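See structure below.
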Amino acid sequence: MGLTNKSTGKNAFEYDLKIERSTPNDKVIALAGNPNVGKSTVFNSLTGLKQHTGNWPGKTVTNAQGKYKHKDRNFIMVDIPGTYSLMANSAEEEVARDFICFGNPDAIVIVTDATCLERNLNLVLQTLEITQNVVLCVNLIDEAKKKKIYINFKKLSDYLGIPAVGTNARSNIGLKELMDAVYDMTEKTTLTHYIKFKYDCLIEEAIEIVRPSLEKIFVNSSNCHNSSINLDNALAKKKSGSIDNHWFKSRLNSRWISLKLIEGDNTLLYGLDKYLGFNLMKNQCLMDKVDNARNFLHENGIDHDELKDRVVSCIVKLAEEICKDVVVFHNKKYNYTDNKIDKILTSKVFGIPIMIGLLGFIFWITITGANYPSEIIAAFLFRIEDHLTDFFIWTDAPPWIHGLLVFGVYRTLAWVVSVMLPPMAIFFPLFTLLEDLGYLPRVAFNLDNFFKKACAHGKQALTMCMGFGCNAAGVIGCRIIDSPRERLIATITNNFVPCNGRFPTLISIISIFIVSSIKGPFKSVVSTLTLLVVIILGIIITLLISRILSKTILKGLPSSFTLELPPYRKPQIGRVIIRSIFDRTLFVLGRAVAVATPAGLVIWVMANINIGDFSLLSHCASFLDP
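Set out below in structure tokens:
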């Protein structure tokens, strides 16, 4: 199989991710960052609505791509999954690392949180080990200002050797300066310098054992020529134009790759082989050097785990040293209010009751508020049905066409829209407000102990909460669980929690069979309590099935995990309403309409085909009648 530009290096990533350049001069920008730093807000503010989503090739990790224009230059922004590091311990970390290392973006924007810069710098420092084409975006400077946290961006930039820009993406503050910095970086007008990053002397000596041999492979193709390394492929790629000499020098950081080889990072070896044609495992000359480096470390009391710990400790220590000099805290108790609120919302006594009360309040608003709009929409749509009937009579259309299109298709759609639209239009904005406020991670924290007792992963509580909005989103969200066993349990049990798309049906069933005989203001209260019982029952079944699976066909011990509780943030109500209506409500309604249209058509046909004295639909109903 011949090598093509689509099968190698940078172009392989662009082909797999379907990155479409309008012109050859379009620049690809990677957007990276920790979770909960406002990365999506930066992405949406820069790209607007010119974006689409997909999947990272070979992974169940979604990506988003968007375009923006600045100084007559087109930029394609690729949103890398939010991750805390590039250690490749999870699917998110692996795809982030691979795109930065092999995707060859023209620049990388790393978004950090101004209120906890020290922790976020870990990802920045790891990225700087790979490439210097980085622009640091310090987001949420408005929150930092409220908490009296001040950052010296000039010092920060000097320390890291890259541009550092302060932004408040929600208010579009600093975005122009960010785009200017990205433009200068892609045009190579930004002067950067490598940060002096050193591990302890033993690790540095081990790296130097491997690095010379690795550099010979990357730079001098004549060395190790008798090995079975795929140098011919690499040279062919260089000749084809998909990888040039500048790319080799600027992207393949031999020092960093040497460290990863010593650590035994097989995912990196796979990436080097897949995207660059370097099958380093078959290079005996290099592997001997790697073994020598590992033996050297073992002789000095550094095993595999100790090596990783020392590397991480060095990165954390450097981040701490930088922040001590560039960040000033005028108020040491800046998290006092959040901590006081968390003591109540996450307490063992009040946490669960408050959670149930909030959920019940949202359901009560949804049920009470949806009744009148549903009646108005139904009356309007069925008035249109009368006009459609008059139109078919006027055109002298055959009765079966009129029945099929009006009674079969249109009437079904009218019922679906009138019943589903109002509850979703109320529930989704309220649910999104809780997300933006930062309450949902607290719900996961409260439920973590229950999932641990069910031998499931604590992150399953997060995916279950996502399932309230949409089960499809909840299932996709299960990718955040690293353990395949626990991920499968979370995927299987997610459907036991009814999503918002099922609420209209549940509300209708409750109204017909439970509260039809109740009059007065208590009707909505009883409906809410009944729906709340159904939701709690779904949670109990989720826990029960998770435990049964964990004790039978999916045996195993629950994994521990650290859950970050993001700070409480004031939701932007206008954006929340628009996003929840267009991204969620209309999306779910569109899927419901797509299913209801053929279903209504089939039901009408079955109701109008008689077998004997009864219709086909009646026979089916009789067969299913217990």
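Residue numbers (this note's numbering): 7 to 632. Glycine residues also receive a C-beta, built at the ideal position from the N, C-alpha and C atoms. Since the model is a prediction, treat every value here as computed from it, not as a measurement.
Going by Cα to Cα distance, which pick from the options is closest to residue i?
i           : options            : result
residue 565 : 459, 105, 583      : 459
residue 331 : 534, 464, 204, 124 : 124
residue 118 : 589, 43, 148       : 43
residue 568 : 311, 454, 155, 601 : 454
residue 436 : 353, 591, 325, 76  : 591
residue 192 : 76, 104, 553       : 76
residue 467 : 440, 499, 443, 478 : 499
residue 279 : 552, 224, 410      : 224
residue 201 : 93, 166, 623       : 166
residue 345 : 401, 157, 571, 218 : 571
residue 259 : 342, 380, 133, 329 : 133
residue 550 : 603, 508, 495, 523 : 495
residue 406 : 611, 513, 307      : 611
residue 452 : 442, 465, 443      : 465
Alpha carbon to alpha carbon, how far is residue i from residue j?
i           : j           : result
residue 74  : residue 80  : 6 Å
residue 33  : residue 282 : 21 Å
residue 364 : residue 206 : 51 Å
residue 208 : residue 264 : 14 Å
residue 606 : residue 413 : 8 Å
residue 354 : residue 361 : 12 Å
residue 325 : residue 531 : 53 Å
residue 581 : residue 375 : 21 Å
residue 84  : residue 49  : 9 Å
residue 153 : residue 575 : 13 Å
residue 440 : residue 446 : 6 Å
residue 613 : residue 409 : 11 Å
residue 635 : residue 53  : This structure gives no information on residue 635, because the portion of the chain shown stretches from 7 to 632.
residue 548 : residue 321 : 40 Å
residue 528 : residue 518 : 15 Å
residue 267 : residue 537 : 55 Å
residue 218 : residue 285 : 17 Å
residue 516 : residue 404 : 39 Å
residue 400 : residue 533 : 45 Å
residue 478 : residue 469 : 10 Å
Report yes if the C-beta distance between residue i and residue j is below 9 Å; otherwise report no.
i           : j           : result
residue 97  : residue 491 : no
residue 175 : residue 162 : no
residue 145 : residue 90  : no
residue 586 : residue 367 : no
residue 676 : residue 269 : Within the shown structure, residues of the chain are numbered from 7 to 632, placing residue 676 beyond reach of any answer.
residue 195 : residue 155 : no
residue 384 : residue 431 : no
residue 461 : residue 556 : yes
residue 147 : residue 157 : yes
residue 45  : residue 36  : no
In this structure, does DSSP put residue i in helix, strand or coil?
i           : result
residue 74  : strand
residue 153 : coil
residue 118 : strand
residue 518 : helix
residue 143 : strand
residue 43  : coil
residue 322 : helix
residue 112 : coil
residue 270 : coil
residue 37  : strand
residue 293 : helix
residue 690 : Within the shown structure, residues of the chain are numbered from 7 to 632, placing residue 690 beyond reach of any answer.
residue 501 : helix
residue 308 : coil
residue 259 : coil
residue 80  : strand
residue 542 : helix
residue 171 : strand
residue 589 : helix
residue 620 : strand
residue 85  : strand
residue 26  : coil
residue 407 : helix
residue 179 : strand
residue 524 : coil
residue 533 : helix
I'd like to confirm something about residue i: is its beta-carbon nearer than 8 Å to some heavy atom of the ligand FMN, or not?
i           : result
residue 386 : This structure lacks the ligand FMN, and indeed carries no ligand of any kind.
Does the segment 533–552 come within contact of the segment 497–515, defined as at least 3 CB pairs closer than 8 Å? Here the segment 533–552 lies against the segment 497–515, with 3 or more beta-carbon pairs under 8 Å apart.
When the Cβ atoms of the segment 176–194 are set against those of the segment 290–307, are three or more pairs found closer than 8 Å? Contact between the segment 176–194 and the segment 290–307 is absent, because fewer than three Cβ pairs lie under 8 Å.
Cβ contact (3+ pairs, closer than 8 Å) linking the segment 417–434 and the segment 593–613: The segment 417–434 makes contact with the segment 593–613, as at least three CB pairs between them are under 8 Å.
Is the segment 125–144 touching the segment 100–115, taking contact as three or more C-beta pairs under 8 Å? By the C-beta criterion, the segment 125–144 is judged to be in contact with the segment 100–115, since at least 3 inter-stretch pairs fall below 8 Å.
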